[in-house]
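Residue numbers (the working numbering): 10 to 408.
Beta carbons are placed, not taken as given, at the ideal position from N, Cα and C, and that holds for glycine.
One structure is given below, encoded as structure tokens.
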């Protein structure tokens, strides 16, 4: 298909201030595909790009998910829109939960609700991983834990709190709980207070002593991988972890194996971003979580040569055979706003399980890596709008 025939084809990208959405806009524009950026927030960086063809306003999903779904569906009904790209957890849920309604108008390479549940419910994901024979931390519901002798982590059971997982919630309700608590041996946390704060009975996982973090990303067509990618996360948004803000592309055969075994067990369809810890004691790649959407470090992925937004487009438009799965190794890049968050965590956060690095050493490491690998997620000389919009969003006062 020539680019001339794509001129009237558009992709809908619901988003917030996510770096991944700008990369989707830029990547697809380079291929002749226009993007409609839709958001419930002001000052969306992707909307400030000169490559953004159109923008639209959505109601806040966490205030009324049904209203959000209906508004998103109305945009998907536009004749020019061919598909919708999930960037946020809410959109993963909406597109799979209401896939039949959306597929009357667009093509959606997203997992079924049952597949989505298998990865967004961490108890069920642990069962799937065990069935696939891949390493996963011991995971139990908080209400079932009475032994606090070891090092533990408490986190949300679900990627999103919504009615498909929690029947006590109505269809208009959704929330995202990202709190993670590190519990040192012998400490007995206040379970009732945690359940009240998180809004449900979360999970408790054993703490894995890791010496490295990795990401495996892929796009699958009903169980078959079209393209995959790996990177080593050198820094996250916090010194205790979080989304990658400095990463470098790699290829590790054992990481590829465990990731593929897991997605094969799921008979996966669509996008998958899997986070792994490299166990410092066993050398195993231990599963952290799966996100069935575009991810924070997508810019580094595309820079290395795996154009996942375009691959998603090809799968959605019936041209999966055109996907080029290759990529370059050793390509590093930074999310500058995230590097600031990392440094702030060194100043202000504390964990009983992970030693906090020195402020001077952290500043030095960030500065040296930026000078030696000056590749940035937002910043582009020919399209500076998204970067400066992101800077304004990061300021403590409105501008």
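Inter-segment contact for the region 128-140 and the region 31-44 is absent: fewer than three beta-carbon pairs are separated by less than 8 angstroms. If only complete runs of 3 or more residues are kept, the region 271-307 shows the beta strand (DSSP E) at 279-288 and 294-300, in order along the chain. Counting C-beta pairs with one atom in each stretch, the region 110-122 and the region 319-328 have three or more that are closer than 8 angstroms, which means they touch. DSSP, read as helix, strand or coil, puts residue 236 in strand. In terms of Cα proximity to residue 389, the closest of 333, 83, 53 and 59 is 59.
Residue pairing from DSSP places residue 47 in a beta bridge opposite 23 and 65.
Per DSSP, reduced to three states, the secondary structure at residue 246 is strand. Excluding its 5 nearest sequence neighbours in each direction, residue 141 has C-beta neighbours in its own chain below 6 angstroms: 270, 271 and 274, listed in chain order. In the structure shown, the three-state DSSP call for residue 191 is strand.
For residue 200 against residue 126, the beta-carbon gap comes to about 25 angstroms, at or over 8 angstroms, which does not count as contact. If one requires a minimum length of 4 residues, the alpha helix (DSSP H) runs lying completely within the region 88-152 are 98-106, 108-111, 122-129 and 131-141, in chain order.
Here the region 184-204 makes contact with the region 156-174; the two share three or more CB pairs at distances below 8 angstroms. Note on geometry: alpha-carbon atoms of residue 30 and residue 22 lie some 7 angstroms from one another. Relative to the Cα of residue 286, the nearest Cα in the group 268, 44, 345 and 394 belongs to 268. Taking the C-beta atoms as reference points, residue 348 is found nearer than 7 angstroms to residue 375. Under the 10 Å beta carbon count, residue 356 is surrounded by fewer than 16 other beta carbons and is classified as exposed.
Minimum Cα-Cα distance from residue 315 among the listed residues 226, 373 and 146 corresponds to 226.
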